[in-house]
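Chains as they are written, first to last, in the numbering used here: chain V, 1 to 321; chain H, 322 to 700; chain Z, 701 to 967. Heads up, the beta-carbon is just placed ideally off N, CA and C, and yes, glycines get one too. On a predicted model such as this, the values are computed, not experimentally measured, just so you know. Below is one structure, written out as structure tokens; the observations come after it.
Below, the structure written as structure tokens:
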């Protein structure tokens, strides 16, 4: 019973830390710099696959690949950052919708290539035999991964906060508010946009590396378009460029479906009448959480389009001093 | 040479399907600058309406006799109209209140509607793809069903002619990739394709999914190709007449040119938007029945996802906001995809990457698209 | 700097600038030189090409032909941010503040060209970075004080009244430590008392910062009372150049631009 609870909540706590890191890094790109990207899942995937490949292919003796585990975080970050750089550079000239579509296109290309790359497991997925697990290798050490994942999210928060409150952060936000005016005040658009894309992607890659190691299995399904959409929704509803809002939106939107699936009863209710399928179609209320979640999403967008917290004054808790 | 012409025709049909969706994307974008991500789901909805119309109203069946041509046209019309009405409702409830909220918020709402429709369809229609009611069986490509176990012996049968293998792996869980393709041109499956097929079948078995493998000659031109091309031509002509020669069309062009000025000139902008949504979704619904359902012989809750994205890519390639641009972009994309799939070894595996690579190159070289007007950067 | 040959030539020199948009000649054969401490006015009817001249000088547009030298450096082909770093800053006709930032942050953003600390030291909050931030903050505060905006430094810039938004734009441009400040209709939308006080402020700024001003303005009284020289543009062509007195009596100007209205209203 206790083990089950640890496994359930442990898993979700680790995943929330990973999602926080993802939305924080996306916030730098979308929220602070105003570069609307729909391809963040691609950077996440790049980091996860690069880290997984490091663990799998780095030569090691019998037993678990400790060196691979340690190196995989660096490799995942680096590869994703490299992708960010490669995506950021040609996309500099694009804005708004067009940029969103181009970044989506890049992540779809990446996906299609991985799908056909047999060393990475094609569409079947890549198994990452890793460390930090019990003797059977099946159960991860939840406490270590919780510490790693929340440590990562916390570090990202602090560094991001430092960045956006510096002269560089002002330049980045100036680009969001008025690109041409910023350039005429001496802001180098090219270097800042590439910086934002590269570092945002790198952090997403780090989250990918942790995900690959924790989950010990990566498939393309984990990084699909809907995952990317969910990240964007979290950032926008958190109020673009608002760290506390991003935190709340990410945690809330992550746990709503989890709790819906947990609490909704298994009662079967009729949902449709379909003579071609032999009459009334039933579905468990439990399984309707996705529908409820999307309805909720639309309602929130309709009711508070400016973000959940915009206009609500909340002070960021002081960590230092 | 004959093969090449067949590829070209297949590509044109594919392009027509893209075009039927791209038109709606481009019209809506032209008027309210919204990328209506739910548009691919309108296509899916149209396919389901067509499916139920044929099955329940016109006595169609996925195993039995064909329905009449009149029934087929009736189903297309009903699907179009219902999809149009759905789009108008969605616009009224979701998009209209957000008209002043900025483009990114509207985009999010569109993504939300798209998610809702996918999830809703999965719950009501089930996650599995279904075969479509028979329409032109006599002319449908010869098709056989192969059990996973019997794949290897059958490979010999296939070896006697030019084949493609398409198999579907319906997954109960897992949200994407309901249909997977291994298209292999030439005499037999090569090592790579075999391995891929075996791998996916094994995975499907492990997941407890049904896996069905179909094979048919790679090159076929059927009545569907002709029908689709005719329907697109008709719709294009009607759209042209509507946009260029009616009062509604003039109003539409005015709103698209300058939203605020048009409303100051006394044009009922809301009515124009409603009409635009209806027309765009009508065309997508027709596309769903005709393309998704009849052409691919399959209908499922996630069928609109990739086709929708590709149609959007077509619209961008042609110059978003321009109807002729969307048509040109879609046909271009369809033909080039078909040619890449069939002429380049293993090309079909990378057709998605190819599509998006075209998109990105286009965006970089000519962001306004083939037929769009270049945007000016005002200072 | 002072004994380099470049600084003896006027700080900003543009020669023979041409710019066409499609078939329209926006600016034709435009030349101007602005020397240290000068105040130069640029006037002309709507659509005469005044703002286009600013866009060409600051590098936002590239001229089709012609040359521009800022501090002796040829700037054709340079990005706007590089031109700004050479000592040219501007304000905008349609105010372009960073609306989601506070007044103070807007002013601090102006110091971009003087920020030397790297991204890494910013992220790690090193001592040198904190010192630099502190310095920029107090400099920005001083600028706001000069503009009379010190008390509103924590307001969102979008919430300022119109006139103060214009002043904030000037503060932000001054923060870039320009040698020539380009002002695009600074008094637009202000009443007489406001524009008079702005004029005094600008003259103060000119002496205090030893900065030259190039001013586009519609308000004749405003511009005539402060400039040393004037250029008059019409349809992209420079139709007259000279002191305010010369311009006032220039027949071409009266005919092509000022006409009877000017005689009635301001004469």
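Interface flag, residue i vs chain H, CB-CB below 7 angstroms
| i | result |
| --- | --- |
| residue 68/V | no |
| residue 272/V | yes |
| residue 13/V | no |
| residue 276/V | yes |
| residue 284/V | no |
Proximal residues to residue i (C-beta, below 7 angstroms), its chain only, five neighbours per side dropped
| i | result |
| --- | --- |
| residue 58/V | 65, 67, 68 and 71 |
| residue 603/H | 401, 402, 404 and 405 |
| residue 763/Z | 717, 718, 719, 756 and 776 |
| residue 862/Z | 889 |
Status (buried if at least 16 other CB within 10 Å, exposed otherwise) for residue i
| i | result |
| --- | --- |
| residue 399/H | buried |
| residue 214/V | buried |
| residue 842/Z | exposed |
| residue 145/V | buried |
| residue 635/H | buried |
| residue 455/H | buried |
| residue 852/Z | buried |
| residue 555/H | exposed |
| residue 774/Z | exposed |
| residue 712/Z | buried |
| residue 694/H | exposed |
Chain Z within 7 angstroms of residue i, Cβ atoms only
| i | result |
| --- | --- |
| residue 194/V | no |
| residue 159/V | yes |
| residue 187/V | yes |
| residue 179/V | no |
| residue 287/V | no |
| residue 184/V | yes |
Local conformation of residue i per DSSP, three classes
| i | result |
| --- | --- |
| residue 766/Z | strand |
| residue 591/H | helix |
| residue 187/V | coil |
| residue 917/Z | coil |
| residue 549/H | helix |
| residue 607/H | helix |
| residue 461/H | Confidence at residue 461/H is low in this model, with a pLDDT of 42, below 50, so its placement is unreliable and the value that follows should be read with caution. Reduced to three states, the DSSP call for residue 461/H is coil. |
| residue 780/Z | helix |
| residue 755/Z | helix |
| residue 108/V | helix |
| residue 891/Z | coil |
| residue 831/Z | helix |
| residue 715/Z | strand |
| residue 802/Z | strand |
| residue 145/V | helix |
| residue 933/Z | strand |
Neighbour flag for residue i against chain V, beta carbons, 7 angstroms
| i | result |
| --- | --- |
| residue 660/H | no |
| residue 885/Z | no |
| residue 622/H | no |
| residue 357/H | no |
| residue 823/Z | yes |
| residue 862/Z | no |
| residue 803/Z | no |
| residue 831/Z | no |
| residue 716/Z | no |
| residue 452/H | no |
| residue 491/H | In this prediction, residue 491/H scores a pLDDT of 38, lower than 50, which makes its location untrustworthy; no coordinate-derived value is stated. |
| residue 433/H | yes |
Beta-carbon proximity list for residue i, same chain, < 6 angstroms, skipping 5 on both sides
| i | result |
| --- | --- |
| residue 26/V | 40, 231 and 235 |
| residue 778/Z | 759 |
| residue 358/V | In this structure chain V extends from 1 to 321, so residue 358/V is not present and cannot be described. |
| residue 845/Z | none |
| residue 548/H | none |
Spatial neighbours of residue i in its chain, beta-carbon cut-off 8 angstroms, leaving aside the 5 residues before and after
| i | result |
| --- | --- |
| residue 751/Z | 793, 884 and 916 |
Chain-ordered residues of the region 221 to 233 of chain V with a beta carbon less than 8 angstroms from chain H: 221, 224, 225, 226, 229, 232 and 233
Would you list, in chain order, the members of the region 589 to 605 of chain H that have their beta-carbon closer than 8 angstroms to a beta-carbon of chain V? From the region 589 to 605 of chain H, no residue has a Cβ closer than 8 angstroms to chain V.
Near-chain V residues of the region 672 to 690 of chain H (beta-carbon distance less than 7 angstroms), N- to C-terminal order: 673, 674, 677, 678, 680, 681, 684, 685 and 688
Can you list, in chain order, the residues of the region 634 to 651 of chain H whose Cβ is nearer than 9 angstroms to any Cβ on chain V? Contact residues of the region 634 to 651 of chain H toward chain V are 634, 637 and 641 (C-beta to C-beta distance below 9 angstroms).
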